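*Asks:* All residue numbers for the sequence shown refer to the numbering used here, where the first residue is 44 and numbers rise by one.
Just so you know, even glycine gets a beta-carbon here, dropped at the ideal spot from N, CA and C.
On a predicted model such as this, the values are computed, not experimentally measured, just so you know.
Structure in structure tokens, see below.
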Amino acid sequence: MKMPRRAAGFTLLELMVVLVVMAILAALAFTSYARYGFRARRPDGQKLLLAIGNAEERYYALHNIYADLATIGYASTTTATSDSGYYTASVTVGTVNALAGQGYTATAVPVGNQARDVCGSLTLTDTGVRSQTGTIGNGNCW
């Protein structure tokens with residue numbers, strides 16, 4: 044008597060296990076890729092803040108006072124947008140020892156998808172202090 048031959052191929056259960064494993068791996072890969080994207084776009088805000096800081100220092104060297112964005116060469120007095128559009132920056136000119144315009148704080152706020160970055164807003168002051176509002180969990184924020 045001839046034995047019946049088993050049909051070639053995969054069972055539905057085997058196929059479902061493979062699909063579940065692939066879904067888990069894809070979810071892990073997407074999370075890592077998103078974090079890499081945030082870290083890769085962060086220099087856009089850093090570059091904007093450093094450009095603002097350089098312009099402020101040039102203006103201070105000539106006028107002995109810090110100024111708003113429009114005075115140092117940007118189109119608006121309130122905000123400036125980074126080259127790639129991932130950050131918008133603002134400058135607050137402060138008072139030091141009752142002297143107006145003797146300090147500044149430039150802040151770059153992430154916009155769009157970059158707003159989910161764990162570093163949050165990046166800050167640069169007239170004394171060169173660099174900081175962020177969020178946590179340092181995905182590479183250095185600065």
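Measure the Cβ-Cβ separation of D111 and T120 and say whether it is below 8 Å.
*Replies:* Start at 1 with the first residue of the sequence shown, and residue 111 comes out as number 68. Start at 1 with the first residue of the sequence shown, and residue 120 comes out as number 77. Taking 8 Å as the Cβ cut-off, D111 and T120 qualify as a contacting pair.
*Asks:* State the Cα-Cα distance for the pair T135 and T150, rounded to the nearest angstrom.
*Replies:* The residue you call residue 135 lines up with position 92 of the sequence shown. The residue you call residue 150 lines up with position 107 of the sequence shown. Spanning the two alpha carbons is a distance of roughly 8 Å.
*Asks:* With a CB to CB cut of under 6 Å and the five nearest residues on each side skipped, what residues in its chain are close to I108?
*Replies:* In the sequence shown, residue 108 corresponds to position 65, counting from 1. Correct list, in chain order: G144.
*Asks:* Does the distance from the CB of T131 to the CB of T138 come in under 8 Å?
*Replies:* Residue 131 sits at position 88 when you count from the first residue of the sequence shown. Residue 138 sits at position 95 when you count from the first residue of the sequence shown. No, they are not a contact pair.
*Asks:* Decide if L79 is buried, meaning its Cβ has at least 16 other Cβ atoms within 10 Å, or exposed.
*Replies:* Counting from 1 along the sequence shown, the entry for residue 79 is found at position 36. Going by the sequence as given, residue 79 is Tyr instead of Leu. Classification of Y79: exposed, given that the 10 Å Cβ count is below 16.
*Asks:* Is it the case that the Cβ atoms of G116 and A104 are separated by a distance below 8 Å?
*Replies:* Counted from its first residue, the sequence shown places residue 116 at position 73. Counted from its first residue, the sequence shown places residue 104 at position 61. Their beta carbons are not under 8 Å apart, which means G116 does not touch A104 by this criterion.
*Asks:* Quick one: using the 10 Å Cβ neighbour count with 16 as the cut-off for buried, is S127 buried or exposed?
*Replies:* The count along the sequence shown starts at 1 and reaches residue 127 at position 84. The residue in question, S127, is exposed, as its Cβ has fewer than 16 Cβ neighbours within 10 Å.
*Asks:* What does DSSP give as the partner residues of R82 in its beta bridges?
*Replies:* Residue numbering aside, residue 82 sits at position 39 when the sequence shown is read from its first letter. Beta-bridge pairing links R82 to no other residue.
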